[in-house]
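With the UniProt record's numbering, letter number 121 in the sequence shown gets 121, and the count goes up by one each step, no holes. Just so you know, even glycine gets a beta-carbon here, dropped at the ideal spot from N, CA and C. Notes follow once the structure below has been shown.
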Amino acid sequence: MSEEKIAHPPAASLPSRKALPPFEALRAFDAVARLGGVRKAAQYLCRDHAVVSRHLRAIEDWTGTKLIQRTPGGAVLTEDGIRYHKQIASAIDTIAGATVDLMKRGDDHRLHIRCMPGFALHWLSSRLGEFEKANPGIDIEVRPLDRLPDVLAHHTDVEIRLVAPYADRVELAAELRSSEIVHTPVLAVANRDYLARSAPINEPRDLLTHQLLHEENFNRWRNWLSFHGIHEDVELSGTRLWQGHLTLDAARHGRGISLTNYVIVADDLASGRLVDVGEGKPAFQPLAVGIYYFIAREKRWDSPVIRKFRQWMIATIQKQHPHLKAGTA
């Protein structure tokens, strides 16, 4: 029997060994650069502080270049370090993304979701059991995040993102894909007791004399007022509660008026616990409308578990709110 010959594609020339520093050292340098300190990097990497410092010295010795400046306030990147990190960061992200994609190929039993805290608390958590019942055996993790990243994290399968009516369009990295879930009005809401003891509200400008409930800054209310024709420089003040689900809870307790969107406040409106202060008042038209987006990696967009979750979300919202413009799965 003749020896079987295996055809191999022509091998590309390998980079010089000296051109590739030890990956652990490279990983430590990347963590320090992204997190802004050796101790934070050590915690993230689950390594001792001294080990990370040793890796940093190793990559400096390897390159023959000072990359980290030790200061009384901690480690900071030198100009060479900043330049080098800009060049390698995307490559490390590419390696991480490719590895996670490979690990998840064919894995239809895990679903890691991240979304805004208000959506997680007021909509998703109370309905997710329906999806679990219809799809037993799926390991689901929901992680609320109070700030949005530039790209989908490598460990995340799905991101649910709300884009306000006065915000820029969603710009995604090339490896990501999105679709609209639902268009939802952005409303000003308060409880009945607060409205009964406060000045009447007939138009958006009347809200300037009320207790407005703010998140981390005053921008959300300022943008909403501008959408309703109040463009002058308005001096806003009041307690800042950081997140929308906290302002919503404060409104439930009669502390003032909160901005929220219809999808997450619909149950409160139906029960009478909260009131849309602009309902039936022509001056509050047209309504500001935000859009919830479903975001996932292009390569896994049609994986069974992600497709099932996307279809379930859109179908559930369509059934609950048939009057809202919903997306397509």
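**OP:** Please work out which residues of its chain come closer than 6 Å, Cβ to Cβ, to residue 231, disregarding the five sequence neighbours upstream and downstream, and give them in chain order.
**Re:** none
Subject >> Distance, residue 88 Cα to residue 95 Cα >> reply: 11 Å
Subject >> Straight-line Cα distance separating residue 270 from residue 139 >> reply: 33 Å
Subject >> Check: residue 19 C-beta below 8 Å from any heavy atom of the ligand SAH >> reply: Inclusion of the ligand SAH in the displayed structure is not the case, the ligand content being empty and no account of it being possible.
**OP:** Find the nearest neighbour of residue 183 within the set 213, 326, 115, judged by alpha-carbon distance.
**Re:** 326
Subject >> Selection from 216, 225, 297, 34 that minimises the alpha carbon distance to residue 288 >> reply: 225
**OP:** Check residue 329 in the structure and name its three-state DSSP category.
**Re:** coil
Subject >> Delimiting residues of the alpha helix (DSSP H) encompassing residue 65 >> reply: Where residue 65 is concerned, there is no enclosing alpha helix (DSSP H), given that its DSSP letter is neither H nor E.
Subject >> Pair within 9 Å by beta-carbon distance, residue 160 and residue 292 >> reply: yes
Original post:
Would you call residue 297 buried or exposed, if buried means 16 or more other Cβ atoms sit within 10 Å of its Cβ?
Top reply: buried
Original post:
Among all the DSSP beta bridges, which residues are the ones paired with residue 339?
Top reply: Nothing in the structure corresponds to residue 339, since the chain is present only between 1 and 329.
Subject >> Where residue 194 falls: helix, strand or coil (DSSP) >> reply: helix
**OP:** Measure the C-alpha to C-alpha separation of residue 242 and residue 211 and round it to an integer number of angstroms.
**Re:** 16 Å
Original post:
Name the DSSP bridge partner or partners of residue 257?
Top reply: 212
Original post:
Are at least three pairs of beta-carbons, each pair with one atom in the region 272–282 and one in the region 180–200, less than 8 Å apart?
Top reply: yes
Original post:
Where do the N-terminal and C-terminal ends of the beta strand (DSSP E) with residue 38 fall, by residue?
Top reply: Taken as a continuous stretch (DSSP letters only), residue 38 belongs to no beta strand (DSSP E), being part of the alpha helix (DSSP H) at 38–45.
**OP:** May I ask you to verify whether the region 313–328 touches the region 174–182, counting CB pairs closer than 8 Å and requiring at least 3?
**Re:** yes
Subject >> residue 45 versus 27, 57, 56, residue with shortest Cα-Cα distance >> reply: 27
Original post:
Which value, in whole angstroms, describes the spacing of the CA atoms of residue 20 and residue 295?
Top reply: 34 Å
**OP:** Give me the Cα-Cα distance between residue 220 and residue 176, rounded to the nearest whole angstrom.
**Re:** 27 Å
Subject >> Residue interval of the alpha helix (DSSP H) (run including residue 245) >> reply: 244–252
Subject >> Whole-angstrom distance between residue 60 and residue 310, CA atom to CA atom >> reply: 47 Å
Original post:
Does the region 113–122 come close enough to the region 252–265 that 3 or more CB-CB pairs lie under 8 Å?
Top reply: yes
**OP:** Within 10 angstroms of the Cβ of residue 244, are there 16 or more other Cβ atoms? Answer buried if so, exposed if not.
**Re:** buried
Original post:
Ends of the alpha helix (DSSP H) at residue 262?
Top reply: 262–271
Subject >> Closest residue to residue 312 among 133, 277, 73 (Cα-Cα distance) >> reply: 133
**OP:** Compute the Euclidean distance between the alpha carbons of residue 256 and residue 250, then round it to the nearest angstrom.
**Re:** 7 Å
**OP:** Report the three-state DSSP secondary structure of residue 14 (helix, strand or coil).
**Re:** coil
**OP:** Might you give, ordered along the chain, the residues of its own chain that have their beta carbon closer than 6 Å to the beta carbon of residue 110, omitting 5 neighbours on each side?
**Re:** 139
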